[in-house]
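K.L.:
To get the working numbering, take the position in the sequence shown, counting from 1, and add 7.
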Amino acid sequence: MFASPIETDIAPSGSLLGLLQRGRGDGWLHALAAPRAEAVAALERCVLHDPRQDWQLEHRSLYYARLYAELGAGLDAIEAHLTDPEDALRDDEERTGLALSVLGHLTSYGDRGALRLLRRYAVSGANWRWALDELAVRDDDAGLRALGPRILARFPADAAGEAALAAAVRDSFEPRPWHLWAADLARPGQRARLERALEHGDFDRWQRQLRPTGPQPGWSVASVLAWAREGYEQTPRQWREASAARCLGAVAGPEDRGTLLAAAAEGHPAPRAAALRHLAERGDPDVFPLIEAGAVAADGDVAGAAVTAFARMRGDAALARARRWAERTDDLGACAAVLLARRGGPRDAPLVLAALYRAVRTHGTDARELRPLVEGVGRLAVPRAVPVLRHVYRETSSSHLRGHTAAALAATDGSFPAGFAVECLWDCEEDTREVGARCATTVDSRVVERLRRLATDPAEQAGVQTAVRGRLAGRAGGR
8 MFASPIETDI APSGSLLGLL QRGRGDGWLH ALAAPRAEAV AALERCVLHD PRQDWQLEHR
68 SLYYARLYAE LGAGLDAIEA HLTDPEDALR DDEERTGLAL SVLGHLTSYG DRGALRLLRR
128 YAVSGANWRW ALDELAVRDD DAGLRALGPR ILARFPADAA GEAALAAAVR DSFEPRPWHL
188 WAADLARPGQ RARLERALEH GDFDRWQRQL RPTGPQPGWS VASVLAWARE GYEQTPRQWR
248 EASAARCLGA VAGPEDRGTL LAAAAEGHPA PRAAALRHLA ERGDPDVFPL IEAGAVAADG
308 DVAGAAVTAF ARMRGDAALA RARRWAERTD DLGACAAVLL ARRGGPRDAP LVLAALYRAV
368 RTHGTDAREL RPLVEGVGRL AVPRAVPVLR HVYRETSSSH LRGHTAAALA ATDGSFPAGF
428 AVECLWDCEE DTREVGARCA TTVDSRVVER LRRLATDPAE QAGVQTAVRG RLAGRAGGR
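Here's what the structure looks like:
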């Protein structure tokens with residue numbers, strides 16, 4: 008019925024490795040039932056070779072850490088990965104970030120070996136900033152103070168070293184260690200050095216605020232459009248579509264409408280994109296043919312800007328146009344379907360469902376437009392969407408998308424509470440676990456036991472625990 012997913016490093020969804028890579032609750036349950044050596048090998052493969060599409064959106068570390076603890080898996084493989092000579096050659100966060108986050112969660116669970124490994128890597132590893140951030144929220148003051156001299160030894164006592172230190176302090180995600188080291192009375196030289204670095208970082212931020220590089224008061228529409236073009240022609244290119252459109256909102260008046268319509272119709276890509284976005288955000292009635300023409304332009308930047316401009320439109324006119332465009336098979340059609348999914352009514356359900364099927368057939372279960380379409384059929388409670396939603400739930404490699412799919416299934420699939428909702432309680436995403444906690448049938452004995460464990464797990468998120476405690480209280484009250 009559906010297209011196969013695009014070839015990736017993700018194993019098939021029915022295999023133990025594939026389930027763990029996706030972060031599915033079923034993977035957790037299968038790992039506990041599988042031979043221990045096989046489960047540990049699959050788990051280590053996931054942690055050492057991050058399977059996520061987008062590590063900023065998707066979560067795996069707590070899921071894997073809990074499984075490490077449940078399986079009693081050792082840390083030898085993680086240690087070998089962190090101390091491999093390749094670490095000195097690759098300082099990218101993707102290689103070691105997931106492993107370090109897993110160690111952080113294991114530290115929270117009282118694993119002293121994980122704590123020691125984090126401390127050692129913070130001193131000697133290439134991705135030491137990540138390790139330090141993990142320690143900043145988990146290690147005690149004494150442990151962090153002991154790391155200070157060795158971390159500062161990374162920065163030579165010369166001008167370049169001091170500048171690098173100031174930048175590291177200024178850009179740190181978790182500032183606690185730096186402030187502890189700056190207040191360490193036992194190390195006056197370290198205190199003085201870090202006080203200078205902290206002061207330098209504050210001065211840098213102040214200087215940046217005094218050197219604005221964008222449009223200035225008194226600029227005209229022509230000046231803003233020229234500024235957008237100037238950025239486009241720089242090396243490297245600066246795409247100023249959004250900021251230029253905001254500036255146009257401040258300087259453009261009714262008398263400038265003709266100039267903006269002309270700029271949006273043809274010409275250089277950067278001014279054209281900025282004018283399209285400005286007109287679309289204000290719902291100009293003449294912008295629709297300009298968007299339609301721009302969406303099929305030969306220039307990819309113009310085509311993308313036209314679709315983006317339409318995506319930002321609101322109002323009945325935009326909805327009416329979306330109904331006309333939703334059956335198109337290009338990016339503008341996909342954007343129109345997304346707009347209906349987010350803001351349409353029951354009459355738009357067939358168009359949204361058709362777009363969802365088309366996206367899965369054409370682009371697979373990781374298509375970028377799937378999330379709003381999945382949310383849309385859930386919001387509109389479209390029962391006919393259940394087969395494709397189940398397919399997306401099983402096959403997508405994006406745990407973020409799977410969570411939205413679970414919520415849509417909760418609204419459309421009568422069998423969800425006794426089916427996918429149960430495995431959601433073990434999912435890697437907190438929002439998905441919350442859906443499971445609210446929906447999973449307590450007739451299944453595994454559900455009650457899992458709810459009780461989540462209620463007492465100090466690492467669990469507040470939203471999940473609130474839902475869990477509500478279900479347990481309701482069960483105790485006979486509801």
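The beta-carbon is built from N, C-alpha and C at its ideal position, and this holds for glycine as well. Just so it is clear, the structure is predicted and the values come from calculations on it, not from any experiment.
Please state whether DSSP places Gly132 in a helix, a strand or coil.
P.N.:
Residue state, collapsed to three classes: coil.
K.L.:
Which residue from Asp147, Val176, Ala167 puts its Cα closest to that of Ile158?
P.N.:
Val176
K.L.:
Using C-beta distances below 6 Å, list every residue in its chain close to Arg445, excluding the 5 sequence neighbours before and after it, in chain order.
P.N.:
Ala474
K.L.:
If we count the other Cβ atoms within 10 Å of its Cβ and call it buried at 16 or more, is Glu273 buried or exposed?
P.N.:
exposed
K.L.:
Determine the DSSP secondary structure at Arg330, reduced to helix, strand or coil.
P.N.:
Three-state DSSP puts Arg330 in a helix.
K.L.:
Exposed or buried, which one is Val303 when buried takes at least 16 other CB atoms within 10 Å?
P.N.:
exposed
K.L.:
Report the three-state DSSP secondary structure of Thr90 (helix, strand or coil).
P.N.:
coil
K.L.:
Does the segment 62-72 come into contact with the segment 100-118, if we say contact requires no fewer than three beta-carbon pairs (one atom in each stretch) closer than 8 Å?
P.N.:
yes
K.L.:
Measuring alpha carbon to alpha carbon, tell me which of Gly383, Asp451, Leu458 ends up nearest Thr493.
P.N.:
Past the edges of the chain, shown from 8 to 486, lies residue 493, and the structure says nothing about it.
K.L.:
Please report how far the alpha carbon of Arg200 lies from the alpha carbon of Arg73, in whole angstroms.
P.N.:
40 Å
K.L.:
Report back the beta-carbon spacing between Ala44 and Leu24 to the nearest angstrom; my notes put them in contact at under 8 Å.
P.N.:
So it is not a contact: roughly 14 Å between Cβ atoms.
K.L.:
The alpha helix (DSSP H) spanning His56 covers which residue range?
P.N.:
Per DSSP, His56 belongs to no alpha helix (DSSP H) and is neither H nor E.
K.L.:
Indicate the three-state DSSP secondary structure (helix, strand or coil) for His1 in the structure shown.
P.N.:
Outside the shown range of the chain (8 to 486) lies residue 1, about which nothing can therefore be said.
K.L.:
So the alpha helix (DSSP H) Val454 belongs to, where does it begin and stop?
P.N.:
Per DSSP, the continuous alpha helix (DSSP H) segment holding Val454 begins and ends at 452-463.
K.L.:
Return the CA-CA distance between Glu181 and Val389, expressed in angstroms with no decimal places.
P.N.:
44 Å
K.L.:
Taking the alpha carbon of Arg459 as the reference point, which residue from Val442, Val450, Arg478, Thr448 has its own alpha carbon closest?
P.N.:
Arg478
K.L.:
Got a sec? Which residues, its chain only, sit under 6 Å from Val294 by beta carbon, not counting five neighbours each side?
P.N.:
Cβ within range, chain order: Leu286, Ala287.
K.L.:
Any contact between the segment 421-436 and the segment 447-454? By contact I mean 3 or more CB pairs, one from each, below 8 Å.
P.N.:
Yes, the segment 421-436 is in contact with the segment 447-454.
K.L.:
Are Leu55 and Leu82 touching if we call contact CB-CB under 9 Å?
P.N.:
no
K.L.:
Hey, Ala312 and Gly301 are a contact pair by Cβ (cut 8 Å); roughly how many whole angstroms apart?
P.N.:
Ala312 to Gly301, Cβ: 7 Å. Contact.
K.L.:
Distance, Cα to Cα, Tyr400 vs Gly371?
P.N.:
In a straight line, the C-alpha of Tyr400 is about 12 Å away from that of Gly371.
K.L.:
Locate the alpha helix (DSSP H) running through Thr560, then write down its first and last residues.
P.N.:
Absent from the model: residue 560. The displayed extent of the chain is 8 to 486, so no value can be given.
K.L.:
Have a look at Val455, Glu467, Val130, Val359 and flag the residue whose alpha-carbon is nearest the alpha-carbon of Ala480.
P.N.:
Looking at the Cα atoms, Val455 is the closest of the given residues.
K.L.:
I'd like the span of the alpha helix (DSSP H) that includes Trp185, first residue to last.
P.N.:
Segment 183-189, the alpha helix (DSSP H) holding Trp185.
K.L.:
Measure the beta-carbon distance from His112 to Ser179 and round it to whole angstroms, keeping in mind my assumption that it falls under 8 Å.
P.N.:
No, His112 and Ser179 are not in contact; Cβ-Cβ is about 21 Å, not under 8 Å.
K.L.:
Measure the CB-CB distance between Leu380 and Ala329 and report whether it falls below 9 Å.
P.N.:
no
K.L.:
Alpha carbon to alpha carbon, how far is Ala361 from Arg145?
P.N.:
Spanning the two alpha carbons is a distance of roughly 48 Å.
K.L.:
When you compare each of Ala310, Pro195, Pro163, Asp57 to Cys3 by their alpha carbons, which one comes out closest?
P.N.:
Here the chain covers residues 8 to 486 and nothing more, so residue 3 does not appear.
K.L.:
Note the first and the last residue of the continuous alpha helix (DSSP H) segment covering Glu430.
P.N.:
427-431
K.L.:
Would you report the Cα separation of His207 and Glu141, rounded to the nearest angstrom?
P.N.:
His207 and Glu141: Cα-Cα distance of roughly 25 Å.
K.L.:
How would you label Leu105, buried or exposed, when you count the other beta carbons within 10 angstroms and need 16 or more for buried?
P.N.:
buried
K.L.:
Contact check, Val359 vs Leu387 under 8 Å by CB: the rounded distance?
P.N.:
About 7 Å separates the two Cβ atoms, so the contact holds.
K.L.:
Quick check: the Cα distance between Arg439 and Leu377, rounded to an integer number of angstroms?
P.N.:
Residue identity differs from the one stated: residue 439 is Thr in this sequence, not Arg. Cα to Cα, Thr439 sits roughly 17 Å from Leu377.
K.L.:
State the CB to CB distance for the pair Arg236 and Ala277, rounded to an integer number of angstroms; the pair is presumed to be in contact (CB under 8 Å).
P.N.:
5 Å
K.L.:
From which residue to which residue does the alpha helix (DSSP H) around Phe180 run?
P.N.:
Where Phe180 is concerned, there is no enclosing alpha helix (DSSP H), given that its DSSP letter is neither H nor E.
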